[in-house]
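Participant: Sending over a structure as structure tokens; questions will come in a sec.
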Amino acid sequence: MNAHARIIDPAALPASNFVILHGSLSPEGCVMTGGGFERDPHEARTRVFAMESDAIAAIQQGRVAHGEAIVIAAADEAEMTAIFGAIAEAGLRDISLISNGRFAAASEGIVIGHVGKAIRYVQNFDTITIDIKNRRLDIDADMVARRADGPRGAKVKNGFAPMGKYAALMAEADAEARPT
Numbered sequence: 001m002n003a004h005a006r007i008i009d010p011a012a013l014p015a016s017n018f019v020i021l022h023g024s025l026s027p028e029g030c031v032m033t034g035g036g037f038e039r040d041p042h043e044a045r046t047r048v049f050a051m052e053s054d055a056i057a058a059i060q061q062g063r064v065a066h067g068e069a070i071v072i073a074a075a076d077e078a079e080m081t082a083i084f085g086a087i088a089e090a091g092l093r094d095i096s097l098i099s100n101g102r103f104a105a106a107s108e109g110i111v112i113g114h115v116g117k118a119i120r121y122v123q124n125f126d127t128i129t130i131d132i133k134n135r136r137l138d139i140d141a142d143m144v145a146r147r148a149d150g151p152r153g154a155k156v157k158n159g160f161a162p163m164g165k166y167a168a169l170m171a172e173a174d175a176e177a178r179p180t
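Taking the numbering used here, I'd label the letters of the sequence shown as residues 1 to 180.
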């Protein structure tokens, strides 16, 4: 080993504009971007929406409160930007955004993307804990039991099961990058 080489603990590095988190909500890892690094650790109650447009409508209707975590479950959303305008217009503070979609690195607040298929088991009013120092994203729910019960929306009601279709098509965020 080079006499000048040092081993650096990644947890000791200052927070940059992104960090990789693992935990019960994202066993394979996810990416946190944006700001919000000063709120560490951070707990938030979840509000779950199928798509960005559903979350925006809820924000505009006053159904999202300060400090909540907005979970957007859609797998095929393009880069989500409109939601930031809705949050700012509503004057919401300390909002966390969690999705499998993409967010701009310059986003404000806690923004977490590429969570993986565990996101389909998140329910309204679960509590998530974001612990940047320890690189963790955890949920207070028994995810093993929820997996055994199947994803929400898996049963067709009145011929419409968008979450069931989503769950059937969902793969881990890094599945395309894995060698076969």
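Ideal placement from N, C-alpha and C gives every residue a C-beta, glycine not left out.
Give the C-beta separation of A141 and D126 to the nearest angstrom, bearing in mind that I take them to be a contact with Cβ-Cβ under 8 Å.
Facilitator: That belief holds up - the Cβ atoms of A141 and D126 are roughly 5 Å apart, short of 8 Å.
Participant: Tell whether a beta-carbon distance below 8 Å holds between V31 and I119.
Facilitator: no
Participant: Could you have a look at M32 and say whether DSSP puts it in helix, strand or coil?
Facilitator: strand
Participant: When you compare the CB positions of A44 and G67, do they come within less than 8 Å of one another, or not?
Facilitator: yes
Participant: Taking C-beta to C-beta, are V71 and R102 nearer than 8 Å?
Facilitator: no
Participant: Taking the beta carbon of F18 as the centre, do at least 16 other beta carbons fall within 10 Å, making it buried, or is it exposed?
Facilitator: By the neighbour-count rule (16 or more Cβ atoms within 10 Å), F18 is not buried but exposed.
Participant: By the 10 Å Cβ neighbour count, where 16 or more other Cβ atoms means buried, how is T81 classified, buried or exposed?
Facilitator: Result: exposed.
Participant: Tell me the residue span of the beta strand (DSSP E) that contains E43.
Facilitator: Counting along the chain, the unbroken beta strand (DSSP E) around E43 starts and ends at H42 to F49.
Participant: Have a look at R135 and A90 and give me their C-alpha separation to the nearest angstrom.
Facilitator: 30 Å
Participant: Of the choices Q60, Y121, I130 and R63, whose alpha-carbon is the least far from that of A148?
Facilitator: Nearest Cα to A148 within the set Q60, Y121, I130 and R63: Y121.
Participant: Are I95 and I56 close, meaning C-beta to C-beta below 8 Å?
Facilitator: no
Participant: Given a cut-off of 8 Å, decide if L97 and G116 are closer than it, judged by their beta-carbon atoms.
Facilitator: With respect to the 8 Å criterion, G116 and L97 are not classified as neighbours on the basis of their beta carbons.
Participant: When you compare only the Cα positions, how much space is there between Q60 and S24?
Facilitator: 31 Å
Participant: Just how far apart, CA to CA, sit I20 and D131?
Facilitator: 11 Å
Participant: Distance, Cα to Cα, H22 vs H114?
Facilitator: 11 Å
Participant: Can you give me the start and stop residues for the beta strand (DSSP E) that F18 sits inside?
Facilitator: F18 to G23
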